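Protein chains in written order, with my numbering: chain A, 1 to 416; chain B, 417 to 832; chain C, 833 to 1248; chain D, 1249 to 1664.
These notes are about the structure you will find just below.
4 protein chains.
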Amino acid sequence: MAQRRKIINDPVYGFITIDHPLLFEVIGHPYYQRLRRIQQMAFAHLVYPGAVHSRLHHSLGAYHLMCIALRELQNKGVAISAEEELAAKIAILLHDIGHGPFSHALEHTLIEGVHHESISLQIMEVLNRQNNGALDMAIRIFNNTYHLPFLHQLVSGQLDVDRMDYLTRDSFFTGVSEGVIGYDRIIKMLAVHDGQLVVEEKGIFSIEKFLVARRLMYWQVYLHKTVLGAEKLLVNIIRRAKDLIQAGNRLPVPSPVLELFLQQQKVRDLHNQLDAFCQLDDYDLMAAVKCWANQPDRVLSALCRMLLNRKLLKVKLQADPLDPAIVEATRTSLIKETGLTEEELDYFVFSGETSNTTYDPAEERIQVLFKDGSIKDISQVDNALIQHNLSRPLKKYYFCFPDPVSAIKELQGRTK
Amino acid sequence: MAQRRKIINDPVYGFITIDHPLLFEVIGHPYYQRLRRIQQMAFAHLVYPGAVHSRLHHSLGAYHLMCIALRELQNKGVAISAEEELAAKIAILLHDIGHGPFSHALEHTLIEGVHHESISLQIMEVLNRQNNGALDMAIRIFNNTYHLPFLHQLVSGQLDVDRMDYLTRDSFFTGVSEGVIGYDRIIKMLAVHDGQLVVEEKGIFSIEKFLVARRLMYWQVYLHKTVLGAEKLLVNIIRRAKDLIQAGNRLPVPSPVLELFLQQQKVRDLHNQLDAFCQLDDYDLMAAVKCWANQPDRVLSALCRMLLNRKLLKVKLQADPLDPAIVEATRTSLIKETGLTEEELDYFVFSGETSNTTYDPAEERIQVLFKDGSIKDISQVDNALIQHNLSRPLKKYYFCFPDPVSAIKELQGRTK
Amino acid sequence: MAQRRKIINDPVYGFITIDHPLLFEVIGHPYYQRLRRIQQMAFAHLVYPGAVHSRLHHSLGAYHLMCIALRELQNKGVAISAEEELAAKIAILLHDIGHGPFSHALEHTLIEGVHHESISLQIMEVLNRQNNGALDMAIRIFNNTYHLPFLHQLVSGQLDVDRMDYLTRDSFFTGVSEGVIGYDRIIKMLAVHDGQLVVEEKGIFSIEKFLVARRLMYWQVYLHKTVLGAEKLLVNIIRRAKDLIQAGNRLPVPSPVLELFLQQQKVRDLHNQLDAFCQLDDYDLMAAVKCWANQPDRVLSALCRMLLNRKLLKVKLQADPLDPAIVEATRTSLIKETGLTEEELDYFVFSGETSNTTYDPAEERIQVLFKDGSIKDISQVDNALIQHNLSRPLKKYYFCFPDPVSAIKELQGRTK
Amino acid sequence: MAQRRKIINDPVYGFITIDHPLLFEVIGHPYYQRLRRIQQMAFAHLVYPGAVHSRLHHSLGAYHLMCIALRELQNKGVAISAEEELAAKIAILLHDIGHGPFSHALEHTLIEGVHHESISLQIMEVLNRQNNGALDMAIRIFNNTYHLPFLHQLVSGQLDVDRMDYLTRDSFFTGVSEGVIGYDRIIKMLAVHDGQLVVEEKGIFSIEKFLVARRLMYWQVYLHKTVLGAEKLLVNIIRRAKDLIQAGNRLPVPSPVLELFLQQQKVRDLHNQLDAFCQLDDYDLMAAVKCWANQPDRVLSALCRMLLNRKLLKVKLQADPLDPAIVEATRTSLIKETGLTEEELDYFVFSGETSNTTYDPAEERIQVLFKDGSIKDISQVDNALIQHNLSRPLKKYYFCFPDPVSAIKELQGRTK
């Protein structure tokens, strides 16, 4: 009778069921358990204190939605074999396995120019070897070489279960009720047409709602100016540490694997360091930040204390490019007040731009299936909301700088 | 001390507090208690079985949001006296008191050309006389003659607590999670500028989300084709009953007050019949429908049985006008199959159009208050979503007609 | 491919799926649709305004939990055939089909001595004949003559999906969050042992919580003194109407089917009147109450106005029997103040007792399955909570009487 | 006007408002910000992946409930001055400031014999000095020397806002819906009688529900056998590390403040080390665990890998004491299979007992206020649930031991 079966409580969906030995194998692997120690939303908790859920929790959630989606499609008559089902579940469980500490915040800082999805693929290949090829099909689904594209699209596409879970989960944990999407209704509206994932006509309003919720979550949460500022602070901490090491300074690093990555100016090829990478998590980074908060380099220690004690940079986020005169005036005044050099100041005062596109029909498409069997891209549907104006990226300019009083205090190492 | 105070459980907000004698007086009045017997969403429950909440529940909910909104504004330094506070609460409690049976479904059918808000006003005046003028200020707020326009705007405007409650409540009871709005966040973002209700800049995304949620609720719920079809069925039942009575047929009407209104071809002035109107509710209508389901007139009885037994009309709802050839073909075929006359058929086969505007800056405005103190209409904000394309009404064409097999069965009075 | 399939939005569970022609047949039947017009909680909405959900909604909810429970048991290796699955679903859909207007409030008043479950059975037999025996197995499951008792126990037993749904749904719609039970966890813990429904050991705390939640819902909601008083008011309205008719008075009854039942002093056998019964619903009753509110009999009209306008009786609910001296004093004083006769006063002043047992191991049992395969009744488990003291009925005494001032006003027919 | 005011999104309550300079001062203090880095539920996330919320989040939540409770009491006429209000809010914000890493899991391991509440008091005194005595009254409320005991009881007592928040929050984040309590209803039922916090009679069922929910959370979550086992693992890791250091072994400790506490065999007086203590958090501990996972001591490294990779000990939790023969047999067999010494084995195989009392009327009391003004302890109320059997502690015995196969693998340092 009944093989081994486990249910996991999830505040978002109720219960998540695990019921296949290969799923237990993957979830029980140290590389997967590492995801417990990586926060899904990095420093968003500095603004939304509930946003401390882990990347493991997100990937279990996405797995759960995959289970529901596959069953719905099967109920609609889409042929999906038991092997394909399992492979799609493995693919989504592992889709984020390549994330490093603090998720997106440090991507391209510790490891340059390597996208987390390519690292995920490398790790999946390691697991595949350890399991004698049992992940072959999952890998093909993941890298979109399997002959049924809709399985890949469920893992990664405009309507994938990854996005559905992170929007649902992130709005749940932040308490931003406006990010709520009708994931269950969207899943009920999914269908397959010529091997492609499409959405039934009557799901259009849910899709609109989904795109608008995503847009809102970007600007209100993911790119919240305080969160943005904190992430940049961490990036600068790593930059400063690397620079100090590069310049021959002795800097204690409490984690040997972190040290390994800090010592290399550019990490481009992970092949020889994949196992080391799979030991890195948020704890290595924060332990370093805590350690460096008491180091003699005044720039590094001030940056670390600012992050630890939530004495963050001020951030301006605006639609128009910054006035260079204002930037210059701020710098001049800060140099006078803090005594920092121009080069040191760069760690505290900087600007940049950030953008987000609500719907880009060029890159990723949502195909709508009409009752008469025809297919249209959602941006072509006779419908006012999702049209060209949402397909342009919305760009914003940020400018970060410290409050002089607080900066001086931190530079002098006084916590009170 | 502690004056009389009552808390009411509300599944949507937790607890609603009533704490002033005049509030108890208004809520305890038979005219107000009548709202218990009027469903907020008429026949929406035929599609969304949970949508059976009453208009009384909605108006208590809107009252609750008014309490929160007033407190928030006071916390921001807006001067609102205790008397104004009470008056605004009374105004929102009574804003829907003029609704007749089945809310919007029968508006303009039983009482022609009289908007429910004008009836609300007449009823408020009756209550005011009974309470020796205690509702004077509430009436001025309601009809926007009070010198602080923001109080009226909280009762009736683009961002009034009426809309916030009905969207929140209707999405709660239907289970359409996509209609969820961030009412609490929107209320936190309200402010008053030159006596007008405005919303702070950082509330823009919440407002966008609110407008999109409303748009979705309109098309997915309020104008759902099955709901639309059921409401038109009730309208035709009343039309047929009036026509039969007008033509001198003897038709039993189980409710004397309903009979009063059916006997008059057009009711335009309610002044002499206000008390009768205030005795009408959903029960009078449904008791009549139940009674008429067994009357000899085959049109009337078939319509009533269709509504009671949920053997509803088929409804096509589409973006393009109907092809007259299809309408004609349907009619011809049905006349042949059912034996109905052309005139009788009109009760079963009909078409029309319905529309909804997501945001109309001409009629109603949402003013955004920027940090620098400036004000802009939300449609003018540098922001891709709420722009001219959402300000055009989205129009749809409907076409209702019976399934021939089922229609013949109902015309023959067989329930099985 | 894919047969006809329909999903229904439910605010409590998300979506309910209907996917078999016989299910559509049953749900589409006028006898089933009638349940839309019977409120699940009768007059509980006078205290909890959200509690207006229908018996149809509850039975759809119980059906949904049945679907989940059957799938869980199958996943655990319990053999349940497709036919048994369908039959169990039909049985739960129809378990409450025999309820009359206002559910429990009028049970034994309109139809004396006939339990609603026995009426359900008669109606199921009618549907079975209309469907050529397709409901045979459902009926055997319902009346516990099928050879697998656990299927009956899922429909009706200590841990049936009926209770799980009504507790969950009633706490949802009333907003009494304390009634929330872990229905999903309880279902995950169900198992079958020797054909009997049992619960796994690790579900004990959830069961305790379930029993305590039920206890709380009884005293805080179902037997809330105001709700109790309102239900007794309706019982007395029917009693008065019957007495008046019996005494030869002419009393208009707006509903012919209601009239049929009022004219018989005792209805004991429904066989010839089953179709009439299946046309009765809340609307017949409330239309009568509205009509009688203006009848000359001062007792009947006062009772009706009290119910309509929520000018309810005062209710004392206490652990000790009432002091007869207080009852007598109240009566004497009311006779003087209102001018009612002794016999008339009985409709307004009365007392009685009500009771509820949290767990009665004699009547109904919850069997716990331990890891070692042994079985114990939950009251025998080494566990402090569910023991003998919870198995005694908790009895309370109520005493209803009118507020003299308000009673006089209603007896004089003044609404204001 | 409008002083500085900040709202914080909370998924549990919606919004939390901070509106006084002293509140900003306390929350902004590095000692308070440290609570971000201490998980409220330690290792519960190994079973309930959502349970990763921080102690900072809990204390903000308890603060929010304090705000509501104080307003409710004021509305009922209890005199509470603005100064007392602020002091009670400060007291609850800081009630857990003395918690060390992993909250209760490591209490009495790093710092022996010092309860976290006594550390909280010492830290409050430091903050008081830094703020020139502004926390005087808060401290008196916290240590119950203020003349209004109900303020202390709101901070710490049977019905304090601490418990209400942690039950509500922990059940929210774990997804154990059965732990939900009616915190809002309980707060509405609070009153003050002779300076003591009491609960109104009609709140009895909510209180019962609260006690039963707490009981369930203890056994199902806090003392879940897997969670218990993981916490004991961490305790043994610390024990082993201390023992190694004590024995003169060189053990790298990545955190200087953690090293400080590990080097002392017993820490009893924190006075000189309070600032060091306030720098300790979960990150120091986990960084050490990660570091030690690769140390030569096979016991320490195996324990660390087991915790990191979730290869936990097996745990038996039972009502009866363990059979010593089974314990002995397990030990003998493990020594043979793993080659560990008796003394080394003690870190992997151990037993103990744990207990929880649902309601102990001797220690802490819930006083019920009846309508006639009388007071009774809830255990004396004529009411079957909360009686003597719930006042006895429920004791369970646990036995932890490794799976031999997995243990050998970890002792050999193979992760795969």
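Glycine included, every Cβ here is placed at the ideal spot set by N, Cα and C.
What you are looking at is a predicted structure, and each value in this text was computed from that prediction instead of being measured.
TODO: Anything in chain C within Cβ reach of phenylalanine 172(A), meaning under 7 Å, just list it in chain order.
DONE: Near phenylalanine 172(A) there are no residues of chain C at all, since even the closest Cβ is about 15 Å away, more than 7 Å.
- [ ] Can you have a look at methionine 417(B) and say buried or exposed, based on whether 16 or more other CB atoms are within 10 angstroms of its CB?
- [x] Here the model assigns methionine 417(B) a pLDDT of 39, short of 50, so the residue's position is not dependable, and the following value carries that caveat. Exposed: under 16 other Cβ atoms inside 10 Å.
Task: Contact with chain A by glutamine 1370(D), beta-carbon distance below 8 Å - done: no
TODO: Give the interface partners of leucine 888(C) over in chain B, defined as CB-CB distance under 7 Å, in chain order.
DONE: Pro465
Open item on the list: Taking a contact to mean a Cβ-Cβ separation below 8 Å, would you say alanine 1535(D) touches alanine 287(A) in this structure?
Closed with: yes
TODO: Using three-state DSSP, classify glycine 893(C) as helix, strand or coil.
DONE: helix
Task: Contact check, aspartate 10(A) vs glycine 1427(D), beta carbons under 8 Å - done: no
Task: Selection from His568(B), Asp659(B) and Tyr814(B) that minimises the alpha carbon distance to leucine 613(B) - done: His568(B)
TODO: Could you name the residues that DSSP lists as bridge partners for isoleucine 423(B)?
DONE: Thr433(B)
Task: Other residues of its chain near threonine 415(A): CB distance less than 8 Å, five sequence neighbours each side excluded - done: Note on threonine 415(A): pLDDT 43, under 50, position unreliable in the model; no value is reported.
TODO: Under 7 Å between beta-carbons, which chain A residues line up against lysine 732(B)? List them in chain order, please.
DONE: Going along chain A, no residue has its Cβ under 7 Å from lysine 732(B), so there is no contact; the nearest lies around 11 Å.
- [ ] Using a cut-off of 8 Å between C-beta atoms, extract the partners of glutamate 178(A) located in chain B.
- [x] Val596, Ile597, Gly598, Arg601, Phe621, Ser622 and Lys625
Open item on the list: Just to confirm, is the Cβ distance from lysine 1436(D) to isoleucine 423(B) under 8 Å?
Closed with: yes
- [ ] Please determine, among Asp1651(D), Asp1408(D) and Phe1421(D), the residue with the shortest C-alpha to C-alpha distance to valine 1300(D).
- [x] Phe1421(D)
Open item on the list: Only counting the same chain, and skipping five residues up and downstream in sequence, which positions put a Cβ closer than 6 Å to that of serine 1419(D)?
Closed with: Gly1427 and Val1428
- [ ] Check each candidate in Asp997(C), Asn976(C) and Glu1063(C) and name the one with the smallest Cα separation from tyrosine 1230(C).
- [x] Glu1063(C)
TODO: For leucine 1375(D), collect the residues of the same chain with a Cβ closer than 8 Å to its Cβ; drop the 5 residues on either side in sequence, then sort them by chain order.
DONE: Val1274, His1277, Tyr1279, Leu1342 and Leu1383
TODO: Answer yes or no: does any C-beta atom of chain C fall closer than 8 Å to that of isoleucine 1614(D)?
DONE: no
Open item on the list: Between Val428(B), Gln456(B) and Ser536(B), which has its C-alpha nearest glycine 598(B)'s C-alpha?
Closed with: Val428(B)
Task: Span separating the alpha-carbon of leucine 1043(C) from that of glycine 1007(C) - done: 19 Å
Task: Integer-rounded CB distance, given that leucine 1090(C) should sit under 8 Å from glutamate 904(C) - done: With 8 Å as the limit, glutamate 904(C) and leucine 1090(C) do not qualify as a contact, their Cβ atoms being about 43 Å apart.
Open item on the list: Determine whether the beta carbon atoms of leucine 844(B) and glutamine 711(B) lie at a separation below 8 Å.
Closed with: With chain B covering 417 to 832 only, the question about residue 844(B) has no answer from this structure.
Open item on the list: For asparagine 356(A), tell me which candidate among Asn75(A), Ala213(A), Glu85(A) and Glu107(A) has the shortest Cα-Cα distance.
Closed with: Ala213(A)
Open item on the list: Tell me the DSSP secondary structure of tyrosine 398(A) in three-state form.
Closed with: strand
Open item on the list: Does any residue of chain C have a CB that is nearer than 8 Å to the CB of aspartate 435(B)?
Closed with: no
Task: Chain-ordered chain D contacts of tryptophan 1051(C) [CB-CB under 8 Å] - done: Phe1453
TODO: Specify, as a first and last residue, the run of the beta strand (DSSP E) that valine 405(A) falls within.
DONE: Run containing valine 405(A): none in the beta strand (DSSP E); it sits in the alpha helix (DSSP H), 404-411.
Open item on the list: To the nearest angstrom, how far is the alpha carbon of isoleucine 204(A) from that of valine 368(A)?
Closed with: 8 Å
Task: Closest residue to proline 820(B) among Gly516(B), Leu729(B) and Gln662(B) (Cα-Cα distance) - done: Leu729(B)
Task: Environment of alanine 657(B) [buried if 16+ CB atoms lie within 10 Å] - done: buried
Open item on the list: Measuring straight from C-alpha to C-alpha, what distance separates phenylalanine 875(C) and methionine 217(A)?
Closed with: 43 Å
Task: For glycine 516(B), the three-state DSSP class (helix, strand or coil) - done: coil
Open item on the list: For the pair the segment 316-335 of chain A and the segment 343-355 of chain A, tell me if three or more CB-CB distances fall below 8 Å.
Closed with: yes
Task: Residues that valine 1460(D) contacts on chain C, provided the C-beta gap is smaller than 8 Å - done: Glu1040, Lys1041, Val1044 and Leu1217
Open item on the list: Against leucine 1464(D), what residues of chain C qualify as contacts under a CB-to-CB distance less than 8 Å, listed in chain order?
Closed with: Phe1037, Ser1038, Glu1040 and Lys1041
Task: contact_flag[the segment 139-153 of chain A, the segment 13-23 of chain A] where n(CB pairs < 8 Å) is 3 or more - done: no
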